Amino acid sequence: MAASDHTILEQASDWLKAGRKVAIATVVETWGSAPQPIGSQLVIDDEGNFVGSVSGGCVEGAVVTEAMDIIASGKPKLMQFGVADETAWKVGLACGGKIGVYVEPIN
Amino acid sequence: MKRAILEQLLAARANRQAVALITNLETGEQRIVPRSAAAQDPLANKLDEAFRFDQSRSHDGAFINIHNPPLRLVIIGAVHIAQSVIPIAQALGYDVTVIDPRGAFATGARFPGIALHAEWPDEIIPKIGLDPRTALIALTHDPKIDDPALDAALKSDVFYIGALGSKKTQASRGERLRAAGFTDEQVARIHGPIGLNIGAKGAPEIAVSIMGEVTRCLRLGA
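Top line first, the protein sequences correspond to chains Z and H. Residue numbers for the first sequence follow my numbering, so the first one is 618 and each next one is one higher. Residue numbers for the second sequence follow my numbering, so the first one is 1476 and each next one is one higher.
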């Protein structure tokens, strides 16, 4: 677990108390070099607000979009991002690593 | 994740209890395993290592997310070296507590923003509690202050105990603790002279050697 995850879970709890719908994304696997360690988390609400980090940057966009669907459907999903060269740059994995991100609704 | 599980994780954190959240990545099924019950879990082998190295990991379609309590450093002695240790410890992620019954040392002006207790270690330590995510270092050189703290630390499962002082000081400290009923093995838990041998000169370098040794014990277990 990353040091900041306390705030992530507290944020999730605070948003739930405020009546918002919430999902949590967690880095569950990494291959090669990945910018955030396994266990790093991101909390997302049903309006697309988010706190935390699962990567160096652009993966967050894709995760947040997916998380809003997952909040609506209520079903968790394992997402994989990767890889080589240009794609990796585009999603923020500058070193060509791969990551698995588990996105789950809180219900 | 069920909301009840989120609340349990937050409660464990608040109570300084180490727990793992195990998620079946196929089905989404989840369970919370306290470190104290890890040996009875089907994933016992993986859990032990994961807790010890504070490392979440995936295994066979299950994700083990380790939720260890925050690291804590208890410093006995509001002394000069403590002032050098604190910023390094904080950068490493430790919550720092300083204990020194001498009011002239334990002042907010000398230790701004730090949890500071101008009380005797044997009075305050039971209130703070010591646990496997805590390191204790005794820096006063004064047996009246250091010894009660070491006594409490040896009776606990802190992951690191260190005491400042020469080999001679360390030897007489050992004699006193043995006279108080501790075994050789127990006394050997105290790292003294404190810190890695890096030829440290002056408080900032001694602080580096102390936190280097604390980190080694945290990550390698000895």
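Think of the CB as a built atom: it goes at the ideal place given N, C-alpha and C, for glycine as much as any other residue. Source: prediction; values computed, not measured.
Asked, Found
"Buried or exposed by the 16-neighbour rule on C-beta atoms within 10 Å, applied to N1540/H", "buried"
"Closer than 8 Å to chain H by CB, P693/Z", "yes"
"Neighbour-count burial assignment, R1488/H, 16 or more Cβ in a 10 Å radius", "buried"
"D702/Z, buried or exposed, once every other Cβ within 10 Å from all chains shown has been counted against 16", "Low confidence applies to D702/Z: its pLDDT is 49, below 50, so where it sits in the model is not reliable, and the reading given next is rough at best. With fewer than 16 Cβ atoms within 10 Å of its Cβ, D702/Z is classed as exposed."
"Assigned secondary structure, N1543/H (DSSP; H/G/I helix, E/B strand, else coil)", "coil"
"Interfacial residues, the region 1488 to 1503 of chain H to chain Z, with Cβ spacing under 8 Å", "R1488, T1498, L1500 and G1503"
"Under 7 Å (Cβ pairs) to chain Z, residues found in the region 1531 to 1553 of chain H", "S1531, R1532, S1533, F1538, N1540, I1541, H1542 and N1543"
"Chain H within 8 Å of A620/Z, Cβ atoms only", "Low confidence applies to A620/Z: its pLDDT is 45, below 50, so where it sits in the model is not reliable, and the reading given next is rough at best. With 8 Å as the cut-off, A620/Z counts as an interface residue toward chain H."
"Any chain Z beta carbon closer than 8 Å to L1485/H", "yes"
"Integer-rounded CB distance, given that I1600/H should sit under 8 Å from A1627/H", "4 Å"
"Opposing strand residues paired with N666/Z [DSSP bridges]", "Answer by DSSP bridge pairing: none, since N666/Z is not bridged."
"Host beta strand (DSSP E) of H1555/H (start-end)", "That residue, H1555/H, is in no beta strand (DSSP E); its alpha helix (DSSP H) goes H1555 to A1566."
"Neighbour list for A684/Z in chain H, Cβ cutoff strictly below 9 Å", "Ordered by position in chain H, no residue passes the 9 Å Cβ test against A684/Z, which lies about 13 Å from the chain."
"8 Å Cβ cutoff, G656/Z in contact with chain H", "yes"
"Reduced DSSP secondary structure (H/G/I, E/B, other) of G1526/H", "Rather than Gly, the amino acid found at residue 1526/H in this sequence is Phe. Three-state result, F1526/H: helix."
"Cutoff 7 Å; reference Q653/Z; Cβ partners in own chain excluding five residues on either side", "V644, S670, V671 and S672"
"Residue nearest to R1694/H in terms of C-alpha spacing, selected from A1514/H, L1484/H and F1526/H", "F1526/H"
"Backbone CA spacing between F1586/H and Q1558/H [nearest angstrom]", "7 Å"
"Cβ-based neighbour list, A619/Z, same chain, cut-off 8 Å, excluding 5 preceding and 5 following", "With a pLDDT of only 46 at A619/Z, under 50, the local geometry of the prediction cannot be trusted, and the value read off the model is given with reservation. Correct list, in chain order: Q653, P654, G656, S657 and Q658."
"Start-end ranges of the beta strand (DSSP E) lying completely within the region 1607 to 1637 of chain H, minimum 3 residues", "1609 to 1613"
"Reduced DSSP secondary structure (H/G/I, E/B, other) of T1658/H", "coil"
"Contacting positions in the region 625 to 655 of chain Z - beta carbon closer than 7 Å to chain H", "L626, E627, A629, S630, L633, I641, T643, V645, E646 and I655"
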